[in-house]
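As structure tokens, the structure follows; a few thoughts come after it.
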Amino acid sequence: MIFSKTDLLDNLQQHWADLLKRLDKQAIVIEDEGRKVAVLLSYQEWQQIQTMADELWKAQAAEAACEGPLCEDDKGR
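Given below as structure tokens:
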């Protein structure tokens, strides 16, 4: 769902509870003069994104730490 900034502010004031329920089903994209500038999403979705990002960083750190001749032997096992 996409809202302009003005529409979003009007909807927030008038339909706060409905918008919160809607966030359980889908994210809301906020536009400013036709340019997408932000996304509202549920806290659960945000937590999932943070968890995935943390796992990605850990995997990248582990891969970066295991470079060089000593790690080459471990990769073949």
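According to UniProt numbering, the stretch in the sequence shown is residues 1 to 77, in order.
Cβ atoms here follow ideal geometry from the backbone N, Cα and C, with glycine treated the same way.
I need the straight-line Cα distance from residue i to residue j, nearest angstrom please.
i: Q26; j: D7; result: 18 angstroms
i: D32; j: Q44; result: 26 angstroms
i: E67; j: A59; result: 13 angstroms
i: A64; j: Q47; result: 26 angstroms
i: Q14; j: A62; result: 49 angstroms
i: D54; j: K21; result: 27 angstroms
i: T51; j: R35; result: 28 angstroms
Would you decide whether residue i is buried or exposed? Buried here means 16 or more other CB atoms lie within 10 Å of its CB.
i: L40; result: buried
i: W57; result: exposed
i: R77; result: Because the pLDDT at R77 is just 47, under 50, the model does not fix this residue reliably, and the value given afterwards should be weighed accordingly. Under this definition R77 is an exposed residue.
Is the separation between the beta-carbon of residue i and that of residue j shorter than 8 angstroms?
i: S4; j: L23; result: no
i: L19; j: L9; result: no
i: I30; j: V37; result: yes
### Message
Give the list of continuous beta strand (DSSP E) stretches no shorter than 3 residues that lie fully inside the region 3 to 47.
### Response
Whole beta strand (DSSP E) segments, 3+ residues: 28 to 32 and 35 to 40.
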